[in-house]
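**Q** Chains as they are written, first to last, in this note's numbering: chain A, 18 to 131; chain B, -15 to 94. Backbone N, C-alpha and C define an ideal beta-carbon position, used for all residues, glycine too. Only a predicted model underlies this, so the values are computations on that prediction, with no experimental measurement involved.
#1: Between residue 56 of chain A and residue 104 of chain A, what straight-line distance do the alpha-carbon atoms span, to the nearest angstrom?
#2: Could you say which of B/2, B/64, B/43 lies nearest to residue 33 of chain B if we only look at CA atoms?
#3: Kindly say whether residue 86 of chain B, judged by its beta-carbon, lies nearer than 9 Å to any beta-carbon of chain A.
#4: So residue 123 of chain A contacts chain B; which residues on that side make the cut at Cβ distance below 9 Å?
#5: Nearest by alpha-carbon distance to residue 205 of chain A: which of A/112, A/91, A/79 is it?
#6: Taking the Cβ atom as the reference point for each residue, do residue 67 of chain A and residue 113 of chain A lie within a distance shorter than 9 Å?
#7: Beta-carbon of residue 75 of chain B versus every beta-carbon of chain A: anything under 9 Å?
#8: Going by DSSP in three states, residue 29 of chain B sits in which element: helix, strand or coil?
#9: Considering only residues of the segment 21 to 88 of chain A, which uninterrupted beta strand (DSSP E) runs meet the minimum length of 3 residues and lie entirely inside it, listed in chain order?
#10: Starting from the C-beta of residue 44 of chain A, find all residues in its chain whose C-beta is less than 8 Å away, skip the five residues before and the five after it, and write them out in chain order.
#11: Enumerated in chain order, which unbroken segments of the alpha helix (DSSP H) with a length of 4 residues or greater are wholly contained in the segment -6 to 76 of chain B?
#12: By the three-class DSSP mapping on this structure, what secondary structure does residue 100 of chain A have?
#13: Could you spell out where the beta strand (DSSP E) holding residue 126 of chain A opens and where it closes?
#14: Use the C-beta contact count for residue 23 of chain B: other C-beta atoms within 10 angstroms, 16 or more gives buried, fewer gives exposed.
#15: Can you tell me which of B/70, B/82, B/94 puts its alpha carbon nearest to the alpha carbon of residue 88 of chain B?
#16: Would you check if there are 3 or more beta carbon pairs closer than 8 Å linking the segment 50 to 62 of chain B to the segment -7 to 12 of chain B?
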């Protein structure tokens, strides 16, 4: 089975801190994604990557950056965390075949910024 | 990009079929319809996807209308464990991004 692993299940940070959320997938998938999920707003795409060192903005990239130095790892970076970035963050990967963009999700990281 | 419209919530009796509608009237010819579900506190889980033809797997069936403007996800024998938020999404034609709307909250009652 495909496994998408997020480094932390719960994280508490202070305003202004630099925060790294790590995600690793073990199925050699081309695409990786970062979403955030807030009550009543569904899942919103922050960034995605379709290849190593490649990235594209999603719907809400402001305040975030990403890094994909290796195919299996996709990091989400909050340069200076703010309270409005308190959320559930979900990482996902997919094969990259346009006829089958089946997404595999991690368990999520609940980030609280105080 | 095609958008989807789903009811906010629906109830279903345990053991009965659950039929979840989705409208995607602006879908393009090469866009696929995907269904995911999210059980509380977990990441979303893939259910099924299709282009034109009806599809069936071990979890559900997907019925797509001939004009492709709407689809229905069918859970043939709903169980309490099927209580979840169900998302109908359309793969954008110009990139690889999948976006999720608010979904349908399905509650299966004993």
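**A** Concretely, from the data shown:
#1: Within the first chain, numbered from 1, the residue matching residue 56 of chain A stands at position 39. Within the first chain, numbered from 1, the residue matching residue 104 of chain A stands at position 87. In this structure, the CA atom of residue 56 of chain A is about 9 Å from the CA atom of residue 104 of chain A.
#2: The residue labelled residue 33 of chain B in the question sits at position 49 within the second chain. With distances taken between CA atoms, residue 33 of chain B lies nearest to B/43 out of B/2, B/64, B/43.
#3: On the second chain, residue 86 of chain B is found 102 positions in, with the first residue counted as 1. Output row for residue 86 of chain B: interface = yes.
#4: As a position in the first chain, residue 123 of chain A is number 106, starting the count at 1. Correct list: 27.
#5: Residue 205 of chain A lies beyond the range of chain A shown here (18 to 131); nothing can be said about it.
#6: In the first chain, counting from the first residue as 1, residue 67 of chain A sits at position 50. In the first chain, counting from the first residue as 1, residue 113 of chain A sits at position 96. It is a contact, given that the beta carbons lie within the stated cut-off.
#7: Sequence index remark: in the second chain, residue 75 of chain B carries index 91 (1-based). Closer than 9 Å to some Cβ of chain A, the Cβ of residue 75 of chain B qualifies, so yes.
#8: Within the second chain, numbered from 1, the residue matching residue 29 of chain B stands at position 45. In the structure shown, residue 29 of chain B sits in a strand (DSSP, three-state: E or B).
#9: Taking only runs of at least 3 residues, the beta strand (DSSP E) segments lying wholly in the segment 21 to 88 of chain A are 21 to 23, 27 to 30, 36 to 42, 48 to 55, 59 to 66, 82 to 87.
#10: The residue given as residue 44 of chain A occupies position 27 in the first chain. These residues qualify, in order along the chain: 19, 20, 110, 112, 121.
#11: Taking only runs of at least 4 residues, no alpha helix (DSSP H) segment lies wholly in the segment -6 to 76 of chain B.
#12: Position 83 of the first chain, counted from the start, is the residue given in the question as residue 100 of chain A. Note: residue 100 of chain A maps to helix in three-state DSSP.
#13: Looking up residue 126 of chain A in the first chain gives position 109. Per DSSP, the unbroken beta strand (DSSP E) holding residue 126 of chain A starts and ends at 126 to 130.
#14: Translated into positions along the second chain, residue 23 of chain B becomes position 39. Residue burial annotation: residue 23 of chain B is exposed, with fewer than 16 other C-beta atoms found within 10 angstroms of its C-beta.
#15: Looking up residue 88 of chain B in the second chain gives position 104. Per the Cα distances, B/70.
#16: Under the Cβ criterion (8 Å, minimum of three pairs), the segment 50 to 62 of chain B counts as touching the segment -7 to 12 of chain B.
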